[in-house]
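Data block below; observations after.
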Amino acid sequence: MLLSATVRAVRRYGSAVRLSFPPLLPVRRLASATGPSAFDVSNLQIDRIPESRLPSCPPKEELAFGRTYTDHMLSVKYSEGKWSAPRIGPYGDLRISPAASGLHYGLQCFEGLKAYRDHFHPDTVRMFRPDCNMERMSNSMARLAMPAFPQDQFLRCIEELVSLDSPWIPTGEGYSLYIRPTAVSTQPFLGVAPSTEVLLYCICSPVGPYYKNGFSPVRLTADEETVRAWPGGTGNNKVGGNYGPTMVPQARANAAGYDQVLWIFGPDGAVTEAGAMNVFFVVTDRETGRRELITPPLDRGDILPGVTRRSILDLCRSWGEVDVTERSPTMAELAVAADEGRLVEAFGTGTAAVVSPISCVRYGGKDIDIPATGEVTQWVWDRITSIQYGKEEGPPGWSYTI
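Under the numbering used here, read the sequence shown as residues 110 to 511, first letter to last.
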């Protein structure tokens with residue numbers, strides 16, 4: 110099957126590319142005007158909706174991910190070199206110029222985090238490491254030459270939004286309020302240049318489990334034609350351009366009977382991500398017999414630095430029951446480990462799904478079966494969700510209570 114010249118080049122010279130790319134230079138970004146900024150929670154304006162739409166919300170068991178939205182949204186505008194005062198108002202459609210550069214050149218990025226009802230005290234609402242999401246949002250905006258924003262103030266404004274719409278948060282494990290901060294260029298300009306007008310906003314959506322089957326194994330197919338990300342690109346940022354091109358490969362995977370795509374890179378088929386998730390493999394070391402938890406590293410710049418990924422690495426390193434390694438396993442290596450009975454677990458991680466056990470990866474015309482759900486996968490799921498819902502204390506600073 111024919112591949113584009115770009116993909117053929119990446120496939121052929123992938124290893125060389127990884128070695129030859131210099132570190133990325135700092136991105137020149139627009140700076141906010143000097144002096145006091147209006148972007149402060151003390152300046153937050155709140156326009157409450159007259160009557161809540163909550164009675165029309167579907168029962169929690171019928172919630173489809175990302176299709177139901179709460180009463181309000183948060184927005185902050187950047188223009189003329191400065192941020193406006195933040196505002197919470199009724200959820201509604203945006204008014205945007207058809208010439209807005211965000212619609213033409215992919216000048217938009219987003220984040221994803223969640224708010225949870227405390228398991229023991231349902232009136233208490235928790236967020237899981239939201240400061241990490243603010244940091245990643247800032248990095249994504251910098252990559253698009255968007256202006257810097259006060260991370261602490263934006264987070265405090267999001268806290269006010271979540272508090273206002275907290276009646277929408279469903280109870281029970283697996284249920285939460287999905288929070289979607291977004292930045293988009295609104296400047297009406299068809300030239301290719303950094304934007305001087307940006308809208309930073311946040312919407313919320315009550316959700317249940319990301320997959321209909323909940324915490325059940327998913328089946329992947331390794332895509333040997335399409336490259337999701339590459340060194341020097343934007344794979345380590347949460348920009349919209351990373352996701353649109355994955356729709357066709359995802360549809361192919363679904364049509365073939367698989368749940369997600371396993372993304373690989375380079376001539377050796379190095380594993381990168383699974384769908385929109387980070388991916389982990391548990392392999393028994395041939396010499397020591399110890400289990401090794403393997404996940405691709407961040408140093409190439411083609412892997413999204415997931416908050417769940419980061420948390421799992423911290424927890425497993427302190428657990429001591431597995432050896433934690435950040436490296437890129439190849440599909441050939443995993444196939445051999447599976448044949449030898451040493452590929453004992455695999456799972457994907459992310460804010461939406463939290464942890465998804467993997468029971469199969471198709472590669473080279475063959476299904477590689479993986480035992481699921483294994484001890485490490487279950488342990489990770491139990492620890493992360495217990496901290497998120499307040500059933501146990503996590504490391505200091507991980508739980509942000511509203």
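Don't be surprised by glycine CBs; every beta carbon is placed ideally from N, CA and C.
Inset, instruction - Would you decide whether I155 is buried or exposed? Buried here means 16 or more other CB atoms lie within 10 Å of its CB. - result: On the sequence shown, residue 155 is found 46 positions in, with the first residue counted as 1. That one is exposed.
Inset, instruction - Could you tell me which residues DSSP pairs with H181 in its beta bridges? - result: Here the question's residue 181 lines up with position 72 in the sequence shown. For H181, which the question treats as bridged, DSSP gives the partners P199.
Legend entry - Neighbourhood of Y320 by C-beta distance below 8 Å, restricted to the same chain and skipping five residues each side: Looking up residue 320 in the sequence shown gives position 211. Answer for Y320: V327, D368, A462 and S465, listed in chain order.
Inset, instruction - Starting from D261, trace the alpha helix (DSSP H) both ways and give me its first and last residue. - result: Position 152 of the sequence shown, counted from the first residue, corresponds to residue 261. Per DSSP, D261 belongs to the alpha helix (DSSP H) from Q260 to L273.
Inset, instruction - Assuming L163 and P279 form a contact by the criterion Cβ under 8 Å, report the distance between their Cβ atoms to the nearest whole angstrom. - result: Counting from one through the sequence shown, the residue named residue 163 turns up at place 54. Counting from one through the sequence shown, the residue named residue 279 turns up at place 170. Contact doesn't hold; Cβ gap of about 11 Å is too wide.
Inset, instruction - Could you please give me the residues that DSSP links to Q154 through a beta bridge? - result: The count along the sequence shown starts at 1 and reaches residue 154 at position 45. BP columns for Q154 point to R196.
Inset, instruction - Please go through the same chain and pick out, in chain order, the residues whose beta-carbon is closer than 6 Å to the beta-carbon of L203, but skip the five residues on each side of it. - result: Indexing the sequence shown from 1 puts residue 203 at position 94. Excluding positions up to five away in sequence, the list is empty.
Inset, instruction - Just mark N363 as buried or exposed, buried being the case when its beta carbon has 16 or more other beta carbons within 10 Å. - result: Mapped onto the sequence shown, residue 363 falls at position 254. Exposed, since its Cβ has fewer than 16 Cβ neighbours within 10 Å.
Legend entry - Segment contact, 8 Å Cβ cut-off, at least three pairs: the segment 451–462 with the segment 267–276: no
Inset, instruction - Inspect the beta-carbon positions of S272 and I511 and report whether they are closer than 7 Å. - result: Position 163 of the sequence shown, counting from 1, holds the residue named residue 272. Position 402 of the sequence shown, counting from 1, holds the residue named residue 511. In this structure, I511 lies closer than 7 Å to S272 by Cβ.
Legend entry - Straight-line Cα distance separating P259 from V392: Taking the first residue of the sequence shown as position 1, residue 392 is located at position 283. Taking the first residue of the sequence shown as position 1, residue 259 is located at position 150. Spanning the two alpha carbons is a distance of roughly 42 Å.
Inset, instruction - Kindly indicate which three-state DSSP category E512 falls into: helix, strand or coil? - result: Lying before the first or after the last residue shown, residue 512 is absent from the chain, which here runs from 110 to 511.
Legend entry - Bridge partners - M386, DSSP secondary structure assignment: Position 277 of the sequence shown holds residue 386. Paired residues: A383.
Inset, instruction - Output the distance between the C-alpha atoms of T439 and G378, rounded to the nearest integer angstrom. - result: If you number the sequence shown from 1, residue 439 lands on position 330. If you number the sequence shown from 1, residue 378 lands on position 269. Going from the Cα of T439 to the Cα of G378 covers about 5 Å.
Legend entry - For V293, the residue or residues it bridges with in DSSP: Within the sequence shown, numbered from 1, the residue matching residue 293 stands at position 184. Per DSSP, Q217 and L308.
Inset, instruction - Please name the residue, chosen from T397, E435 and A383, that lies closest to T404 on a Cα-to-Cα basis. - result: Here residue 404 corresponds to residue number 295 of the sequence shown, with the count starting at 1. Of the listed residues, the one whose Cα sits closest to T404 is E435.
Legend entry - Distance, P414 Cα to P239 Cα: Numbered from its first residue, the sequence shown carries residue 239 at position 130. Numbered from its first residue, the sequence shown carries residue 414 at position 305. Going from the Cα of P239 to the Cα of P414 covers about 14 Å.
Legend entry - Sequence ranges, alpha helix (DSSP H) only - wholly within the segment 396–442, length at least 4: 416–428
Inset, instruction - Report yes if the CB atom of C218 is closer than 7 Å to the CB atom of V416, and no otherwise. - result: The residue you call residue 218 lines up with position 109 of the sequence shown. The residue you call residue 416 lines up with position 307 of the sequence shown. No; because the gap between Cβ atoms is not below 7 Å, this pair is not in contact.
Legend entry - Boundaries (first-last residue) of the beta strand (DSSP E) holding A362: For the purposes of this step, residue 362 is taken as the residue at position 253 of the sequence shown. Per DSSP, A362 belongs to no beta strand (DSSP E); it is in the alpha helix (DSSP H), M356 to A364.
Inset, instruction - Could you check the C-alpha separation between G506 and F237 for me, to the nearest Å? - result: Translated into positions along the sequence shown, residue 506 becomes position 397. Translated into positions along the sequence shown, residue 237 becomes position 128. Cα to Cα, the separation comes out at about 9 Å.
Inset, instruction - Provide the residue(s) that pair with Q369 in DSSP beta bridges, ordered along the chain. - result: Along the sequence shown, read from residue 1 onward, the residue named residue 369 stands at position 260. Answer is L329.
Inset, instruction - Output the distance between the C-alpha atoms of E449 and G198, rounded to the nearest integer angstrom. - result: Within the sequence shown, residue 449 is the residue found at index 340, counting from 1. Within the sequence shown, residue 198 is the residue found at index 89, counting from 1. In a straight line, the C-alpha of E449 is about 58 Å away from that of G198.
Legend entry - For E171, the three-state DSSP class (helix, strand or coil): Residue mapping note: residue 171 aligns to position 62 of the sequence shown, counting from 1. Of the three classes helix, strand and coil, the one that applies to E171 here is helix, per DSSP.
Legend entry - Pairwise C-alpha distance: K347 and A385: In the sequence shown, residue 385 corresponds to position 276, counting from 1. In the sequence shown, residue 347 corresponds to position 238, counting from 1. The straight-line gap from Cα to Cα measures roughly 10 Å.
Legend entry - Straight-line gap, A475 to E396 (C-alpha atoms, nearest Å): If you number the sequence shown from 1, residue 475 lands on position 366. If you number the sequence shown from 1, residue 396 lands on position 287. In the sequence as displayed, the identity of residue 475 is Lys instead of Ala. Between K475 and E396, the C-alpha separation is close to 27 Å.
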